[in-house]
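Going line by line, the protein sequences match chains R and A.
Read in order, the letters of the first sequence correspond to residues 1 to 267 in the working numbering.
Read in order, the letters of the second sequence correspond to residues 1001 to 1226 in the working numbering.
Beta carbons are placed, not taken as given, at the ideal position from N, Cα and C, and that holds for glycine.
Just so you know, these numbers come straight off a predicted model, no measurement behind them.
Structure record follows, encoded as structure tokens.
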Amino acid sequence: MNIDPRTKLIIVLCLSTLAIFIKDILFLSGILLITIMISLFFKVNILQVLREIKRLLYVLLAIAVIQSVFSTDGQVLIGLGKLTILTTVGVQKGLEFIIRIMIIISSATIITTSNSREIIQGLVQWRLPYEVAFMVSIGIRFLPILREEIKDSIVAIQLRGIEIKKTPLKKKLYIYSYLFTPILVSTIIKAQKLSMSVEMRGFRAYERRTSYMVLRMSYVDYLIIFFSFLCATTLAHLYIDQSVLTLSSLKRMSYFVYNSIRLRKFL
Amino acid sequence: MTLLGSIELKNLSFGYVKGKEIIKNINVNIDTEAITCIVGPNGSGKTTLGKLMVGILKPGSGEIYLFGENMAKMSLGQIGKKIGYLFQNPEKQFFSNTVEDEIKFILEIKGLNKEYIEEKVKSLLNLFQLNHIRTSFPLKLSQGEKQRLALAAILANEPEYLILDEPTKGLDIGLRNSLIQILKNLYDKGIGMTVMTHDYTFINQVSDRILTMYRGEIVEDKRNEY
């Protein structure tokens, strides 16, 4: 089945908006499950995606711990004297962050099932200026190139006889600091060459562009878009309701405690 | 039995895509004290074979023995200590902000003393005629200069063997002749090399052995007689 890239963009938009909006682990886990199911429907190699996320796990864990450190609410799990290092709320926030990132990365892979030409056309038909749409597509195309650059540089460093795995952390960080310059500069040089190349081929030569490819949405697309919005608003509504419920029950509980204390004092 | 002074490729096959082999069942023993040239048309698998020989790519099947040791059990770092590899695109192996630092890089990481480093850098800059651009940014150099810098940086590491992918690419006749001389000097010092190239002037002047590749197979193995 050929799904319009705009439909895929709307699905991704709904999923990532929900991931940012919702702050509840159970809800977020449910959304992650839905995201994985949708990705499988679009035949995304989800194992590959999870492998990629696994590589980022250390960074995610580090951010999760940092988030935990700065959240002093909840029960203290680890502390040094008066200093709070890890709390239950901190752990919860850290986990929420990891699930949120997993939703965003997994949902973004859905767009990659369309080719860049289709994505540009989809955005143009949404009245986005062609230059901006082209920029978005180039951005998407550049990500794997950037990854390759990083991989090549690490290989080249090791081929100079450096055993990265056996190198102490301080020295390892020093070696990795060498990677930034070539990756950044070669990316800028590539971007410069690309811009020159497109200009040479007459990019923006005329104000109006016509296109041989014209995307048409089918009934299935409209149906998917409708269900995406329906599910997203329902989930958001359920989440708000639950939050209000939790907030009002909390208020009621605190009011009860306050009154009991007052009553005890009076007695 | 594996030979200590050789790179041995045993039943080596490799493909980037499953079922589509680029390297097909190669069996060859490369003497590490000689200069072996690998020639062949574009897409015949020369660069892929070079990357397999240096451990960048892992064989689909078969084994590679480097100086008698199974390469599958070696890390890239361990291979890099023994073999110097020149990428087809030398830009991939630059990390520093200046030509001088690029050569210094590995020596500083190794923790060698400053005087030795300075001496080494100076001699390599002179050898590869890079003195006038010692403070230039490596990625902004011309193709020929990049090629020479990449070689200088590799040689700073004092490898036992070299694998060079198109070393004469982008060099004019004068620079090519001086590179041939440098490689001959290295050969005289006992450093052997495998060179992937199309440059027949180079091949005729330096090679001991010529392996011709075609569609992932070695179709000719010839000893060169000067």
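On the CB-based measure, 16 or more other CB atoms within 10 Å of its CB, does residue i come out buried or exposed?
{"i": "residue 194 of chain R", "result": "exposed"}
{"i": "residue 121 of chain R", "result": "buried"}
{"i": "residue 1188 of chain A", "result": "exposed"}
{"i": "residue 23 of chain R", "result": "exposed"}
{"i": "residue 66 of chain R", "result": "exposed"}
{"i": "residue 1190 of chain A", "result": "exposed"}
{"i": "residue 239 of chain R", "result": "buried"}
{"i": "residue 102 of chain R", "result": "buried"}
{"i": "residue 1043 of chain A", "result": "exposed"}
{"i": "residue 1222 of chain A", "result": "exposed"}
{"i": "residue 38 of chain R", "result": "buried"}
Out of the options, which one is the CA nearest neighbour of residue i?
{"i": "residue 978 of chain A", "options": "A:1051, A:1146, A:1089 and A:1088", "result": "What the structure shows of chain A is the stretch from 1001 to 1226, and residue 978 of chain A is not part of that stretch, so it cannot be assessed."}
{"i": "residue 97 of chain R", "options": "R:28, R:203 and R:214", "result": "R:28"}
{"i": "residue 966 of chain A", "options": "A:1032, A:1008 and A:1037", "result": "Beyond the ends of chain A as shown, which are 1001 and 1226, falls residue 966 of chain A; an answer cannot be given."}
{"i": "residue 4 of chain R", "options": "R:206, R:222, R:198 and R:236", "result": "R:222"}
{"i": "residue 1162 of chain A", "options": "A:1062, A:1205, A:1048 and A:1087", "result": "A:1087"}
{"i": "residue 1127 of chain A", "options": "A:1182, A:1217 and A:1118", "result": "A:1182"}
{"i": "residue 71 of chain R", "options": "R:91, R:53, R:52 and R:81", "result": "R:91"}
{"i": "residue 1075 of chain A", "options": "A:1090, A:1134 and A:1058", "result": "A:1058"}
{"i": "residue 53 of chain R", "options": "R:87, R:100, R:184 and R:34", "result": "R:100"}
{"i": "residue 32 of chain R", "options": "R:49, R:159 and R:104", "result": "R:104"}
To the nearest angstrom, report how far apart residue i and residue j are at their CA atoms.
{"i": "residue 1192 of chain A", "j": "residue 1081 of chain A", "result": "15 angstroms"}
{"i": "residue 1158 of chain A", "j": "residue 1194 of chain A", "result": "16 angstroms"}
{"i": "residue 173 of chain R", "j": "residue 85 of chain R", "result": "25 angstroms"}
{"i": "residue 1212 of chain A", "j": "residue 1149 of chain A", "result": "28 angstroms"}
{"i": "residue 1120 of chain A", "j": "residue 1023 of chain A", "result": "39 angstroms"}
{"i": "residue 167 of chain R", "j": "residue 1153 of chain A", "result": "21 angstroms"}
{"i": "residue 1085 of chain A", "j": "residue 1007 of chain A", "result": "14 angstroms"}
{"i": "residue 188 of chain R", "j": "residue 211 of chain R", "result": "29 angstroms"}
{"i": "residue 184 of chain R", "j": "residue 127 of chain R", "result": "32 angstroms"}
Taking DSSP as the reference, what is the three-state secondary structure of residue i?
{"i": "residue 109 of chain R", "result": "helix"}
{"i": "residue 1161 of chain A", "result": "strand"}
{"i": "residue 160 of chain R", "result": "coil"}
{"i": "residue 212 of chain R", "result": "coil"}
{"i": "residue 1141 of chain A", "result": "coil"}
{"i": "residue 1212 of chain A", "result": "strand"}
{"i": "residue 1223 of chain A", "result": "strand"}
{"i": "residue 1199 of chain A", "result": "coil"}
{"i": "residue 70 of chain R", "result": "helix"}
{"i": "residue 1074 of chain A", "result": "coil"}
{"i": "residue 1116 of chain A", "result": "helix"}
{"i": "residue 1049 of chain A", "result": "helix"}
{"i": "residue 200 of chain R", "result": "helix"}
{"i": "residue 233 of chain R", "result": "helix"}
{"i": "residue 28 of chain R", "result": "helix"}
Kindly list, in the order they appear in chain B, the residues whose Cβ is closer than 7 angstroms to that of residue i.
{"i": "residue 158 of chain R", "result": "Among the protein chains of the structure shown, namely R and A, there is no chain B."}
(message) I'd like to know if the region 10 to 20 of chain R and the region 103 to 111 of chain R are in contact, where contact means that at least 3 CB-CB pairs between them fall below 8 angstroms.
(response) Below 8 angstroms, enough C-beta pairs join the region 10 to 20 of chain R and the region 103 to 111 of chain R to call them touching: three or more.
(request) Kindly confirm or deny that the region 131 to 138 of chain R and the region 53 to 63 of chain R touch, where touching means at least three C-beta pairs closer than 8 angstroms. (result) no
(request) Evaluate the contact criterion for the region 1090 to 1103 of chain A versus the region 1136 to 1146 of chain A: three or more CB pairs, one atom per stretch, below 8 angstroms. (result) yes
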